[in-house]
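In our numbering, the protein residues as written are 37 to 537. Structure record follows, encoded as structure tokens.
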Ligand code: ADP
């Protein structure tokens with residue numbers, strides 16, 4: 037490959053282009069009219085405008101992007117995460133145009149894009165599953181029977197769900213029918229697919245995921261785990277590697293299971309197998325994400341492996357250059373997602389101008405971002421400003437380094453998650469490693485954040501941002517009509533995803 041187009045924007049486009057450049061391959065950026073002056077556009081060797089600000093008219097226009105790539109004689113396309121990254125039709129379109137898609141085969145994307153199809157596909161490998169249904173249900177009587185057999189509380193989930201959306205916890209039988217009807221209609225409107233299923237609601241789980249790498253020659257290995265239990269709205273905000281609670285035996289067992297999941301869908305490239313770990317250290321398969329994840333840097337830092345370079349090498353048909361036994365965990369890494377969100381106001385996204393923007397520096401500190409001082413946070417896309425990642429010799433040193441990096445990071449003009457990150461780093465539960473996915477609810481409990489987590493975040497956030505954009509600049513009101521925010525990770529088929537993560 038001599039020229040790779042990165043079908044994405046902002047920090048992830050930059051992060052991918054950096055590795056591509058180091059490989060001696062030239063880079064093509066795409067941009068919407070809202071991103072014309074963005075650093076990722078200047079960084080690329082070539083850049084093309086793919087349409088107006090709303091992502092449906094620019095970053096999601098698969099056919100247009102492929103046409104432009106052909107015209108520029110591009111020979112590889114990297115989708116990044118979000119937008120078209122988990123869109124099997126896009127992967128097919130790219131391949132049909134004679135361009136290498138830097139990602140898994142469309143079949144793997146399709147199977148793992150549906151939580152139910154994924155469960156079906158991995159059955160033969162005896163992967164531990166959360167108790168519940170393995171098929172779509174719509175009959176409330178059947179739902180009640182299943183719920184009683186696994187015991188309340190239960191979770192109703194959308195098969196096509198992503199980004200923590202389309203889930204409903206049901207505590208008691210009398211709420212089941214109404215919650216199920218709501219879940220079905222939400223799934224239909226958000227994902228265009230009303231299939232829902234039931235899982236036992238694990239009350240205090242940890243979210244542990246395994247990074248996978250697979251080549252086209254049948255080699256599949258794992259790059260250990262990432263702990264992603266600090267979440268708001270079922271979405272990650274702080275991740276670390278390794279997890280504070282995995283024993284070598286458990287790591288080996290989960291790693292082997294993740295490799296089996298990848299084999300079950302003939303996976304190639306970099307992917308992530310997600311699990312829940314209950315308080316007795318039983319683990320259960322949740323889903324597989326068929327792309328690079330936002331939190332991939334923590335795995336890169338503890339293994340010394342550049343995942344983007346590996347993706348490109350695998351796409352070129354090369355064999356993985358290392359075996360499982362050669363991989364070692366070196367030290368500890370923590371990532372804080374620096375979002376333009378207000379933690380004291382239910383983590384609602386904020387917009388505005390980065391009037392001061394100074395990054396932390398020094399040994400062991402990595403900042404992946406796509407912004408500069410003076411830039412506006414656009415209303416159209418994901419509100420992530422940066423990924424702040426630190427690496428140190430052990431967990432305590434990594435926590436101290438994260439606190440030091442946060443203290444150097446200066447952002448004014450938009451609310452952000454830096455101080456929230458500092459709160460977590462100082463919290464005894466985080467320091468001890470004794471926490472689960474309810475950390476935010478349990479320990480960072482504002483009345484507003486609770487209220488928003490309980491309600492439908494899709495509606496509230498879209499309404500909030502639209503109102504804020506209008507009130508801060510009446511001329512902006514036209515821009516908010518048909519506003520589409522893109523999330524960096526959520527599934528491409530979700531309509532919600534077209535608005536925000
Ligand atoms: P999505 O694809 O929307 O991200 P996931 O299935 O990956 O959905 O789950 C996202 C988060 O939701 C998990 O990290 C966890 O916090 C919570 N979750 C999902 N399934 C369960 C469950 N059965 N019990 C408890 N929490 C769950």
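Just so you know, even glycine gets a beta-carbon here, dropped at the ideal spot from N, CA and C.
Query	Result
8 Å Cβ cutoff met for residue 365 and residue 434	no
Among 248, 413 and 89, the one whose alpha carbon lies nearest that of residue 374	413
Best match in 439, 445 and 186 for proximity to residue 463 [C-alpha to C-alpha]	439
Where residue 168 falls: helix, strand or coil (DSSP)	strand
Selection from 352, 211, 328 and 231 that minimises the alpha carbon distance to residue 220	231
N-terminal and C-terminal residue of the alpha helix (DSSP H) that residue 52 is part of	46 to 58
Beta-bridge partners of residue 85, as assigned by DSSP	67
Nonlocal neighbours in the same chain, by C-beta distance under 8 Å from residue 376, ignoring five residues either side	385, 386, 387, 388, 413, 419, 420, 421, 450, 451 and 452
First and last residue of the uninterrupted alpha helix (DSSP H) at residue 307	No alpha helix (DSSP H) contains residue 307, which is instead part of the beta strand (DSSP E) from 305 to 313.
Sequence-distant residues of its chain with Cβ nearer than 6 Å to residue 337 (five each side left out)	369 and 427
Residue of 260, 90 and 393 minimising C-alpha distance to residue 341	260
As assigned by DSSP and simplified to three states, the class of residue 94	coil
Three-pair Cβ contact test at 8 Å for the stretch 205 to 219 versus the stretch 184 to 195	yes
Assigned exposure category for residue 283 - 16 Cβ within 10 Å defines buried	exposed
Residue 166: CB within 7 Å of a non-hydrogen atom of ligand 1	yes
Of the listed residues 322, 320 and 305, nearest to residue 343 (C-alpha basis)	305
Among 77, 249, 119 and 407, nearest to residue 350 - alpha-carbon criterion	249
Through-space distance from residue 315 to residue 243, alpha-carbon basis	11 Å
Helix, strand or coil at residue 316 according to DSSP, with G and I counted as helix	coil
CA-to-CA distance, residue 367 to residue 401, given in whole angstroms	14 Å
Rounded separation between residue 225 and residue 459 - CA only	37 Å
Residue from 182, 195, 238 and 480 with nearest C-alpha to residue 212	182
Residue 46 Cβ short of 7 Å to ligand 1 heavy atom set	no
Within the stretch 270 to 300, ranges of the beta strand (DSSP E) (whole runs, at least 3 residues)	271 to 277
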